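Colleague:
Protein chains: 2
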Amino acid sequence: MELRGALCFFLIVFLDASMSVHGRLLPEKKPDPADAAATARWLVSQNSWAILSTISSELGGAPFGNVVSFSDGLPDEGCGIPYFYLTTLDPTARNALKDDRSSFTVSEYPIGSCGKIDPENPTCAKLTLTGKLKLVDTNPKEAEFAKQALFSKHAEMKDWPKDHNFQFFKLEIEDIFLIDWFGGPKPLTLDQYLHPGMNQLASAL
Amino acid sequence: MELRGALCFFLIVFLDASMSVHGRLLPEKKPDPADAAATARWLVSQNSWAILSTISSELGGAPFGNVVSFSDGLPDEGCGIPYFYLTTLDPTARNALKDDRSSFTVSEYPIGSCGKIDPENPTCAKLTLTGKLKLVDTNPKEAEFAKQALFSKHAEMKDWPKDHNFQFFKLEIEDIFLIDWFGGPKPLTLDQYLHPGMNQLASAL
Chain W
1 MELRGALCFF LIVFLDASMS VHGRLLPEKK PDPADAAATA RWLVSQNSWA ILSTISSELG
61 GAPFGNVVSF SDGLPDEGCG IPYFYLTTLD PTARNALKDD RSSFTVSEYP IGSCGKIDPE
121 NPTCAKLTLT GKLKLVDTNP KEAEFAKQAL FSKHAEMKDW PKDHNFQFFK LEIEDIFLID
181 WFGGPKPLTL DQYLHPGMNQ LASAL
Chain U
1001 MELRGALCFF LIVFLDASMS VHGRLLPEKK PDPADAAATA RWLVSQNSWA ILSTISSELG
1061 GAPFGNVVSF SDGLPDEGCG IPYFYLTTLD PTARNALKDD RSSFTVSEYP IGSCGKIDPE
1121 NPTCAKLTLT GKLKLVDTNP KEAEFAKQAL FSKHAEMKDW PKDHNFQFFK LEIEDIFLID
1181 WFGGPKPLTL DQYLHPGMNQ LASAL
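What follows is the structure, given as structure tokens:
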């Protein structure tokens, strides 16, 4: 898992060198629901905020969801791994440093493409990535990647108070729960999720 | 806690009889951030979907956030307690029936009043209610209240498949985490949250 996470920014460098069109792997339009990997990556790419849940050490081990901004890469170049800019003045970072079990939940609804469909209707897609919430500041190259990814999508972050000691975190994904149509969750492995474009690339060659 | 939750729909009947203007207690416009109770109730009243987090029995006790629709009452008559329409075909209801620790997280961002402020900026309000996720079907009167509250705001729910065995749940709130300005979470008790209009009413007399 460590290797996969650390390679996120190297993957982008590789794709940038091998593909001539920015965003070719991550369509702006909603993918066909039959393409689970593309749909999941689209949900992460198109959203800018979501709910990050941790185990609350201060509330008897309750699951604690918190509103966070995130980024999975430069615009149109997302790698699928969500990065965060958090401070231990807030419970989420404090919780993660004691117990790193976490989940990250995004909805299609705020993107605006669900129309009049109810947010809980299975055709209005929803994604929960479960795994470990980890500090990335121990890896300078990945921290620099996280900084570029976050600050390019959340411009005001660069001006947030220095004395709040914000740090970069990422979710090391272990499980993927995707609902994008009737019939229950879509089977989707971590490898399929991380490389949806590579599958498209292979089938196009 | 049980008594507070069960009295939610009685409170609405009382308020309806004592107040002549619908929605007087729950303003459509964002309240002053200094009024923590009104802000928290406004966030719940104005949103129609949110993230409900439970402890995942299937994922090693990880916190599992899920996209859900909810309602805290008839339009403009919310009681502050979120009700849900869930099926055990989905992990959230299954989790809750094994371990009822839960949290419910809403953001001001989808309401549209944050403008260009980043979703993680403390002035773009965020609320996490933590407590126990409970079935209400054992109380026929409260189940009928939940049905009216949910179906009036989520019209398609009445047509959801009967064989999916959807059931009504509610969050029995134990802790309130509200960020609506700089300076950290606002102190807010459950009683203050449940009776913001009564405080306004008392100060107006």
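Protein sequences, first through last, are from chains W and U.
Going letter by letter, the first sequence gives residues 1 to 205 in my numbering.
Going letter by letter, the second sequence gives residues 1001 to 1205 in my numbering.
Note that beta-carbon positions come from the ideal geometry of N, C-alpha and C, so glycine has one too.
Keep in mind the model is a prediction, meaning the values are calculated, not measured.
The segment 1059 to 1080 of chain U: which residues have C-beta closer than 8 Å to a C-beta of chain B, in chain order?
Modeller: In the displayed structure, chain B is absent; the protein chains listed are W and U.
Colleague: Helix or strand or just coil, what does DSSP make of Lys1126 (chain U)?
Modeller: Correct three-state label for Lys1126 (chain U): strand.
Colleague: For Pro1187 (chain U), I'd like the list of residues in its chain whose CB is within less than 6 Å of its CB, leaving aside the five on either flank, ordered along the chain.
Modeller: Closer than 6 Å at Cβ, skipping near neighbours: no residue.
Colleague: Please look up how many angstroms separate the CB atoms of Lys1166 (chain U) and Leu1086 (chain U), rounded, as I've assumed it's under 8 Å.
Modeller: In the sequence as presented, Lys is not what sits at residue 1166 (chain U); that position holds Phe. At roughly 7 Å, the Cβ-Cβ gap stays under 8 Å, so Phe1166 (chain U) and Leu1086 (chain U) are in contact.
Colleague: Return the residues of the segment 161 to 174 of chain W that lie within a Cβ-Cβ distance of less than 7 Å from chain U, sorted by chain order.
Modeller: Here the close residues number zero.
Colleague: Helix, strand or coil, according to DSSP, for Trp1042 (chain U) in the structure here?
Modeller: In this structure, Trp1042 (chain U) counts as helix in the three-state DSSP scheme.
Colleague: Do you know offhand how far Trp1181 (chain U)'s Cα is from Lys1162 (chain U)'s?
Modeller: So the two alpha carbons sit approximately 44 Å from each other.
Colleague: Where Ser56 (chain W) and Lys1141 (chain U) are concerned, what is the direct C-alpha to C-alpha distance, given to the nearest angstrom?
Modeller: Their Cα atoms are separated by approximately 33 Å.
Colleague: Please confirm if Ser53 (chain W) has its CB atom under 8 Å from at least one CB of chain U.
Modeller: It does: the Cβ of Ser53 (chain W) has a partner Cβ on chain U nearer than 8 Å.
Colleague: Leu133 (chain W): which of W:Leu52, W:Tyr193, W:Ala38 and W:Glu28 sits nearest, CA to CA?
Modeller: When each option's Cα is compared against that of Leu133 (chain W), the closest is W:Leu52.
Colleague: Does the beta carbon of Gly1183 (chain U) sit closer than 8 Å to a beta carbon anywhere in chain W?
Modeller: No, its Cβ sits nowhere closer than 8 Å to a Cβ of chain W.
Colleague: Helix, strand or coil for Asn121 (chain W)? Go by DSSP, reduced to three states.
Modeller: Coil, per DSSP.
Colleague: What first and last residue would you give for the alpha helix (DSSP H) that runs through Glu142 (chain W)?
Modeller: It spans Pro140 to Lys153 - the alpha helix (DSSP H) in which Glu142 (chain W) sits, taken as one unbroken run.
Colleague: With DSSP as the reference, please indicate the residues paired to Lys134 (chain W) in a beta bridge.
Modeller: Looking at the DSSP assignment, Lys134 (chain W) forms a beta bridge with W:Lys170.
Colleague: Hey, would you say Ile1179 (chain U) sits closer than 8 Å to Ala1040 (chain U), going by beta carbons?
Modeller: Not a contact, by the Cβ cut-off of 8 Å.
Colleague: For the structure I just gave you, are there three or more beta carbon pairs, one from the segment 117 to 135 of chain W and one from the segment 1061 to 1068 of chain U, closer than 8 Å?
Modeller: Taking 8 Å as the limit for Cβ pairs, the verdict is that the segment 1061 to 1068 of chain U does touch the segment 117 to 135 of chain W.
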